[in-house]
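Position in the sequence shown counted from 1, then plus 8, gives you the working numbering. Right, one structure below, let's go through it.
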Amino acid sequence: MEMSDFVAAYFYFDNGISFLRKKHWEEYYALSLELFDLAAKCALTNGDTVSLQLLYEQVLTYGRTFEDKLNVMYFSTCALAFSSRLPESIEKGLDILSKLGIELRGDESSMEACVQETKSLLSGYTDNDILNTRRMTDPTMIIAMKFLGKMELGMTQIMPKSVARVTQRIIQLSLVHGMSPVSPIGFVHLGSYIAKFGDISGGYHYVKLARSLLDKVGSRESAGEVICIGTQVVAYVEPVQAALEYHDDGYAAAMAYGDVIQAAVNNVFFCMSSFWAGVNLQTTQEKCTKAIKFMEDKKLVIFMTKVQYIQHSVFKLIGTDEEPKFVSEGQNILATNNSVKTVYFYQKAYINFTFRSYEGTKENIGKYLACIGNTWANLFINHAFHAFYIGLISFWLARKSGDGNQWIERGKLSKLALKKWAESSSWTFENKWYLLEAEESFCNNNYDAAKTYYDKAISSAKDHKFINEEALACELAAYFYLELGQKDKALELFLLAHEKYHEWGAFGKCTSLYEFVSSSIGTGLTDTNTDIRGQETASSIGTGLTNTDIMGQETAAPNLEDDILSFLDDALQR
């Protein structure tokens, strides 16, 4: 069924079911089974879990064979997978696959060994061999492949050490029994794992192969997932600002086949990537609000909760008192799902670092590091941005804490990761590597090197359109010069950081920065803010300008010493 209006489709299938006679399962079994299967697919797509459960129970009761029940069992497993019942969904899927002769339990080999085995298996095939492999025709094997395909996304969140075996089985079965619409999913996930182990070009190769395979398997029903996972690898090769737009294509491809799960995942990555890429925060806020509404309607609570954590950071940066509307099930998910935990603790660490809260940063980065090793087998662009900020946080904590060596070593690991990624995409990663070099040099008291790398980081961020990171580099360089006692240079950089944060839409950060600088060295910052009613407010200290409060009343700005005023005039002229 290739249509986008699944609400209308469900209405028609439901009416068709209502017209069936009392003994329809006996007299019109094939028709009844088809109507119930199609109605169940629509119910899943529409987020109507109540109707899905009723349809599921009917088919389980009246279905004549195990194979006849597989479609509704698949839809039911999908519905469980993106709520607080993800572990139950995985166990159910493993049980069904075992009954189909595909055993995934009990294999203790490492993920890296499994990926290497799969690469060795494929070494005997050219790309053309794979693209021209016959199509799979066995109906039972086709539905088994669908279960395997859906296991990928669930297991990578909470069982990352086991998920590579799922990918391997998808590829093995495709080579033996023929390519199915799920086969491209196996190849794109393999590319993602290879890239995560450090071979970006090798992973990128399999991503491109998966995209080509979509047109060879007779259906593009897996296009949403292939585009989604593939785009996350592409972002390590192409500029991230351009790559993130592919998630719009992924969303459209998923919705065309009623795959709301992959539509939601594309939404999640689009929102996250927009945030890290420095897209205007008001625009990102709108994207998050729209995505959350979609996920709420479709009952996709895991993904909704993740976007809400991003939304919370956006609100803090903008400077509003608004809070995301978390649901109670989100707390259950936070307690059991490591992928959600990592997003939660990372965003808390990020916001505390951004607003220079030492204790909050140290507490939450510790919690993040405690759970990051048990989630996400794939390589996502978030990994790079996480590594970047972990490095910055580590060098900051090293300068402020008593266990500096431990944090410096962690910061070095992040720096080396960013340096390697900069080799595959200097556009996206060069400025980040430079800033980590600057911060490490600061820690090591190598001030000349630090000055050089701060300049490079600011220039590279500007050239590559990361306005958020241009602001950050200016701010961190300003703290460096302030530490050296060079207040004039520090103030110049604080002014530039304030300007760039304001341009990004981070009015809350502007206020925080303004308050710090005014209390530390006097300020020439004009703290222009936008309140929740859309009215602009401005406050200036030491500039000779007037303040405008939220009621539009003008008040005289206080004057500071003449030498600060003189410097500020010169700085503002520049």
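Beta carbons: idealized from backbone N, C-alpha and C, even for Gly. All figures in this text were calculated on a predicted structure; none of them were measured in a lab.
Check	Outcome
Cβ-based burial, S548 [other Cβ within 10 Å; buried from 16]	Note that S548 scores a pLDDT of 38, beneath 50, so its modelled location is shaky; the value from the coordinates is reported in the next line. So S548 counts as buried.
Buried or exposed (CB count within 10 angstroms, at least 16 for buried), G266	buried
Inter-stretch contact at 8 Å, needing at least 3 Cβ pairs: the region 79-92 / the region 108-120	no
Residue nearest to D463 in terms of C-alpha spacing, selected from T297, N476, C482	C482
Bridge partner(s) assigned by DSSP for M583	Because residue 583 is not part of the residues shown, which for the chain are 9 to 582, the question remains open.
Spatial distance of E331 from I237 (CA atoms)	30 Å
Candidates G232, L342, H255: closest to A243 by CA position	H255
C-alpha gap between C122 and A385, whole angstroms	12 Å
Beta-carbon gap between L63 and F44 smaller than 8 Å	yes
Classification of V245 by the beta-carbon crowding that lies within 10 angstroms, buried from 16 upward	buried
C-alpha distance - K127 paired with I25, whole-angstrom precision	48 Å
Among S432, Q165, F388, H213, nearest to I341 - alpha-carbon criterion	Q165
Span separating the alpha-carbon of Y18 from that of R228	22 Å
Ranges of the alpha helix (DSSP H) found wholly within the region 223-252, counting only runs of at least 4	231-242, 248-251
Pairwise C-alpha distance: I318 and E491	32 Å
DSSP state of Y133 mapped onto helix, strand, coil	coil
Straight-line gap, L586 to R418 (C-alpha atoms, nearest Å)	Outside the shown range of the chain, which is 9 to 582, sits residue 586, and nothing can be said about it.
Under the three-state DSSP convention, the category R364 falls into	coil
Cβ-based neighbour list, Q290, same chain, cut-off 6 Å, excluding 5 preceding and 5 following	G513
Assigned exposure category for L39 - 16 Cβ within 10 Å defines buried	exposed
Minimum C-alpha distance to F388 - residue among N274, L156, G368, A458	N274
Beta-carbon gap between M159 and I98 smaller than 8 Å	yes
Supposed contact pair L521 and A505 - C-beta distance, whole angstroms, cut 8 Å	6 Å
Coarse secondary structure for H197, derived from DSSP in three states	helix
Proximal residues to R143 (C-beta, below 7 Å), its chain only, five neighbours per side dropped	G186, M187, V225, G226
Residue from L102, A262, S321 whose Cα sits closest to the Cα of W284	S321
Beta-carbon contacts of A299 that lie in its chain and below 6 Å, excluding the five residues immediately before and after	N275, C279, V315
G206 - DSSP class collapsed to helix/strand/coil	coil
CA-to-CA distance, F21 to E253, given in whole angstroms	35 Å
CA-to-CA distance, C451 to G412, given in whole angstroms	9 Å
Coarse secondary structure for R418, derived from DSSP in three states	helix
Cβ-heavy atom distance, Q165 to the ligand MG, below 7 Å	As for the ligand MG, it is missing from this structure, which has no ligand bound.
Buried/exposed call for D471, threshold 16 Cβ in 10 Å	exposed
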